[in-house]
Amino acid sequence: MKTAVIVFPGVNCEHDVVHAIEALGGEADLVWHRETDLSDFDGVILPGGFAHGDALRTGAIARFAPAMDEVIRLAGESRPILGICNGWQMLCESRLLPGAHIANRDMSFICKFVDVEVMDTNSVLTRSAEVGQRLRIPLNSYQGNWVDPTHSGRIVLRYINDPNGSQRQAAAVTNAEGNVVGVMPHPERGTDELLGSIDGNILLESFLHSLVPA
Amino acid sequence: MKVTITVDRRPEIADPEGTTVKRALHDLGFTEIESVRMDRVIHLEVDGDDDEEVETRVEEMCKQLLANPVLEDFKVQIHR
Numbered sequence: 006m007k008t009a010v011i012v013f014p015g016v017n018c019e020h021d022v023v024h025a026i027e028a029l030g031g032e033a034d035l036v037w038h039r040e041t042d043l044s045d046f047d048g049v050i051l052p053g054g055f056a057h058g059d060a061l062r063t064g065a066i067a068r069f070a071p072a073m074d075e076v077i078r079l080a081g082e083s084r085p086i087l088g089i090c091n092g093w094q095m096l097c098e099s100r101l102l103p104g105a106h107i108a109n110r111d112m113s114f115i116c117k118f119v120d121v122e123v124m125d126t127n128s129v130l131t132r133s134a135e136v137g138q139r140l141r142i143p144l145n146s147y148q149g150n151w152v153d154p155t156h157s158g159r160i161v162l163r164y165i166n167d168p169n170g171s172q173r174q175a176a177a178v179t180n181a182e183g184n185v186v187g188v189m190p191h192p193e194r195g196t197d198e199l200l201g202s203i204d205g206n207i208l209l210e211s212f213l214h215s216l217v218p219a
Numbered sequence: 009m010k011v012t013i014t015v016d017r018r019p020e021i022a023d024p025e026g027t028t029v030k031r032a033l034h035d036l037g038f039t040e041i042e043s044v045r046m047d048r049v050i051h052l053e054v055d056g057d058d059d060e061e062v063e064t065r066v067e068e069m070c071k072q073l074l075a076n077p078v079l080e081d082f083k084v085q086i087h088r
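Listed in order, the protein sequences are those of chains A and Y. Heads up, this note's numbering is the position in the first sequence plus 5, with the first residue counted as 1. Heads up, this note's numbering is the position in the second sequence plus 8, with the first residue counted as 1.
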């Protein structure tokens with residue numbers, strides 16, 4: 006089973022994601038954002054970074070890449086779709102997830118470990134975890150402050166200590182079905198003792214366990 | 009034809025940048041400032057001479073890309 010990791014100009018976490026997936030025994034390919042056919046893939050990860058230099062709004066331009074039409078199609082087929090950091094911003098711009106992201110409450114770029122609590126295990130990010138479980142994962146973002154005027158997002162991870170003003174302290178949000186998830190901290194950066202945490206593994210394992218053959 | 013688009017975040021949505029600028033103005037002694045909102049202004053030069061058609065097209069651009077309807081409103085001003 007194979008995961009597409011979509012590469013946009015300006016993203017910078019794609020190799021970390023592939024490395025983390027492969028270390029867990031999964032298979033992942035880097036796919037350029039101009040790709041028009043993702044039929045060979047069983048799931049998609051949109052990695053973090055600064056697609057198109059965050060011009061206009063984070064994720065706003067990336068949203069119109071041909072690969073995103075495929076992501077929207079696969080999401081409709083219930084395939085697992087995970088957006089990490091900038092990837093979550095793209096999923097909001099695509100309206101696959103509700104809300105949008107604005108600058109962190111204190112206008113600071115936050116790069117540190119944060120503690121999150123699993124709120125809901127009905128999602129491709131959290132199905133292998135337990136409700137109430139606490140995880141330590143690196144956060145690395147300036148626009149992590151999620152705003153959802155519709156109050157419709159289902160929160161699957163919550164920050165223990167609100168770092169950025171995100172509504173309802175949301176660190177990860179899913180759609181009604183649970184197959185599309187956006188997460189602000191980087192699970193792929195918490196996958197080895199050398200990195201200071203292995204708590205990201207349970208989240209990426211959830212994603213891998215959610216894959217079913219295309 | 010020149011077109012100016014103003015994109016502003018709806019008043020009920022927080023504006024951390026505006027809050028930070030307000031704090032800086034207060035530090036400089038401009039304590040009369042009650043609120044700062046940092047809107048975005050986009051200037052376009054458009055190849056077209058039909059005001060109505062240009063306005064319709066620019067509104068479509070705003071809805072698709074230039075503004076995010078989740079948080080923002082926009083205004084289009086056509087300059088002859």
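All residues carry an ideal CB built from backbone N, CA and C; glycine is no exception. Quantities reported herein were computed from a predicted structural model and do not represent experimental measurements.
Which residues of chain A have a Cβ atom closer than 7 Å to the Cβ of residue i, listed in chain order?
i	result
residue 28 (chain Y)	112
Considering only the alpha carbon of each residue, which of the options lies closest to residue i?
i	options	result
residue 148 (chain A)	A:137, A:218, A:12 and A:113	A:113
residue 36 (chain A)	A:84, A:13, A:58 and A:131	A:13
residue 40 (chain A)	A:190, A:74 and A:29	A:74
residue 141 (chain A)	A:203, A:51, A:46 and A:78	A:203
residue 186 (chain A)	A:120, A:7, A:57 and A:209	A:209
residue 19 (chain A)	A:30, A:72, A:6 and A:53	A:53
residue 28 (chain Y)	A:67, A:108, A:51 and A:16	A:108
residue 118 (chain A)	A:101, A:144, A:110 and A:133	A:144
residue 53 (chain Y)	Y:17, Y:88 and Y:32	Y:88
residue 93 (chain A)	A:80, A:164, A:63 and A:132	A:63
residue 21 (chain A)	A:195, A:214 and A:216	A:195
residue 164 (chain A)	A:123, A:155 and A:87	A:123
residue 43 (chain Y)	Y:58, Y:50, Y:22 and Y:68	Y:22
residue 224 (chain A)	Y:40, Y:78, Y:82 and Y:83	Beyond the ends of chain A as shown, which are 6 and 219, falls residue 224 (chain A); an answer cannot be given.
residue 79 (chain A)	A:24, A:43 and A:180	A:43
residue 28 (chain A)	A:218, A:205 and A:217	A:205
residue 188 (chain A)	A:207, A:91, A:217 and A:157	A:91
residue 102 (chain A)	A:156, A:34, A:201 and A:23	A:156
residue 193 (chain A)	A:66, A:76, A:211 and A:95	A:211
residue 116 (chain A)	A:87, A:88, A:146 and A:95	A:146
Which same chain residues end up closer than 6 Å to residue i when comparing Cβ atoms and leaving out the 5 residues on each side of it in sequence?
i	result
residue 137 (chain A)	none
residue 19 (chain Y)	none
residue 135 (chain A)	none
residue 11 (chain Y)	52, 54, 66 and 86
residue 45 (chain A)	none
residue 4 (chain A)	Given that chain A is displayed from residue 6 to residue 219, the structure contains no residue 4 (chain A) and the question cannot be resolved.
Kindly list, in the order they appear in chain A, the residues whose Cβ is closer than 8 Å to that of residue i.
i	result
residue 22 (chain Y)	107, 110, 150, 152 and 170
residue 67 (chain Y)	The contacting residues do not exist; residue 67 (chain Y) stays about 17 Å from chain A at best.
Verify the CB distance criterion: does residue i have a CB-CB separation below 8 Å to chain A?
i	result
residue 79 (chain Y)	yes
residue 73 (chain Y)	yes
residue 53 (chain Y)	no
residue 63 (chain Y)	no
residue 40 (chain Y)	no
residue 60 (chain Y)	no
Can you give me the Cβ contacts of residue i inside the same chain, cut-off strictly under 7 Å, excluding the 5 residues immediately before and after it?
i	result
residue 105 (chain A)	97 and 152
residue 190 (chain A)	119, 121, 142, 143, 144 and 176
residue 83 (chain A)	182 and 184
residue 25 (chain Y)	46
residue 150 (chain A)	106, 107, 108, 109, 110, 169, 170 and 171
residue 41 (chain Y)	30, 33 and 34
Kindly list the residues whose CB is nearer than 8 Å to the CB of residue i, restricted to its own chain and excluding five residues on each side of it in sequence; keep chain order.
i	result
residue 215 (chain A)	48, 85, 129, 132 and 184
residue 62 (chain Y)	9, 11, 54, 56 and 86
residue 49 (chain Y)	12, 13, 14 and 15
residue 30 (chain A)	213
residue 70 (chain Y)	13, 15, 82 and 84
At a cut-off of 7 Å, would you count residue i as near the ligand GDP, judging by its Cβ distance to the nearest heavy atom?
i	result
residue 47 (chain Y)	Inclusion of the ligand GDP in the displayed structure is not the case, the ligand content being empty and no account of it being possible.
When you check each C-beta in the region 49-65 of chain A against every C-beta of chain Y, which residues fall closer than 8 Å?
Hits within the stretch, in order: 61, 62 and 65.
Taking a Cβ distance cut-off of 9 Å, strictly less, list which residues of the region 76-104 of chain A are near chain Y, in chain order.
Result list: 97, 98, 100, 103 and 104.
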